[in-house]
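Engineer: Just so you know, the sequence shown maps onto residues 76 to 240 in this note's numbering.
Submitted below is the structure of interest, expressed as structure tokens.
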Amino acid sequence: MFGSVINNVFKSVKLKKRDYDPEMIAADDIHLPLVFKGMPLVIVNPAVKTELQAYKSLGYRFKDRRELNVLEYNSYQIGLMIQAIKIGLDLKIERPKSYFHQEILQHENRTITAFVIDIIKKYEKDVSITLSETMLRKENLFSPLEAGYLLYYLSFYIYDPKYKI
76 MFGSVINNVF KSVKLKKRDY DPEMIAADDI HLPLVFKGMP LVIVNPAVKT
126 ELQAYKSLGY RFKDRRELNV LEYNSYQIGL MIQAIKIGLD LKIERPKSYF
176 HQEILQHENR TITAFVIDII KKYEKDVSIT LSETMLRKEN LFSPLEAGYL
226 LYYLSFYIYD PKYKI
């Protein structure tokens, strides 16, 4: 019974390149700190690409699973990635295997999407929208694994404002 409910949930939403769950939130319903409000693609794009290059340079794809769970990503970095999702940034990563750990790559797109929604919900629960950029940069609440899921998600989805994230 439970399996058929899950299958019906995923079948009930028109899909593009990524899978959606109707219980998930629309991009407009994601509440980020005020520092991200109205932040345009022209600012977000190079910042997220810099995060992607840093992610690759730090060699997370080679690290042990335990090291991927250390809380070393701050709320500003993760908020920036979530803002990229909100505004529809397409990261266009040609060779994901050269960036991401097998722990990330082994999952189907809909599983990655579910992880992304969990990260967004965690962000909304744990990060105050009134914090300044400086304060957000001091809060290391997220792991490289969570950052990897967000970056990988940005590489394969197609943004369409009519659909939910």
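Glycine residues also receive a C-beta, built at the ideal position from the N, C-alpha and C atoms.
Fair warning: this is a prediction, and the values are worked out from it, not measured in the lab.
Assess, as a yes-or-no matter, whether the region 106-126 is touched by the region 135-147 under the definition of 3 or more beta carbon pairs within less than 8 Å.
Structural biologist: Not touching, per the Cβ criterion.
Engineer: Straight-line CA distance for Ile153 to Lys131?
Structural biologist: Here residue 153 is taken as the residue at index 78 of the sequence shown, counted from 1. Here residue 131 is taken as the residue at index 56 of the sequence shown, counted from 1. One C-alpha to the other measures close to 16 Å.
Engineer: Sort out for me which residues DSSP pairs Phe111 with in a bridge.
Structural biologist: The residue you call residue 111 lines up with position 36 of the sequence shown. For Phe111, which the question treats as bridged, DSSP gives no partner whatsoever.
Engineer: Give the straight-line distance between the Cα atoms of Val191 and Lys200, rounded to the nearest whole angstrom.
Structural biologist: The residue given as residue 191 occupies position 116 in the sequence shown. The residue given as residue 200 occupies position 125 in the sequence shown. Cα to Cα, the separation comes out at about 14 Å.
Engineer: How would you label Gly223, buried or exposed, when you count the other beta carbons within 10 angstroms and need 16 or more for buried?
Structural biologist: By 1-based counting over the sequence shown, the position of residue 223 is 148. Gly223 should be labelled buried.
Engineer: Which class does Phe217 belong to by DSSP, given the choice of helix, strand or coil?
Structural biologist: Stepping through the sequence shown from its first residue, residue 217 is reached at position 142. Three-state result, Phe217: strand.
Engineer: Count the other CB atoms within 10 Å of the CB of Pro121; is the residue buried (16 or more) or exposed (fewer)?
Structural biologist: Counted from its first residue, the sequence shown places residue 121 at position 46. The residue in question, Pro121, is exposed, as its Cβ has fewer than 16 Cβ neighbours within 10 Å.
Engineer: What separation, rounded to the nearest whole angstrom, lies between the Cα atoms of Tyr198 and Ile187?
Structural biologist: In the sequence shown, residue 198 corresponds to position 123, counting from 1. In the sequence shown, residue 187 corresponds to position 112, counting from 1. Their backbone Cα atoms lie some 16 Å apart in a straight line.
Engineer: Rounded to whole angstroms, how far is the Cβ of His176 from the Cβ of Lys138, which I believe are closer than 8 Å?
Structural biologist: Residue 176 sits at position 101 when you count from the first residue of the sequence shown. Residue 138 sits at position 63 when you count from the first residue of the sequence shown. Indeed, because the Cβ distance is near 7 Å, the residues count as touching under 8 Å.
Engineer: Can Leu226 and Ile168 be called in contact, C-beta distance under 9 Å?
Structural biologist: Position 151 of the sequence shown holds residue 226. Position 93 of the sequence shown holds residue 168. In this structure, Ile168 lies closer than 9 Å to Leu226 by Cβ.
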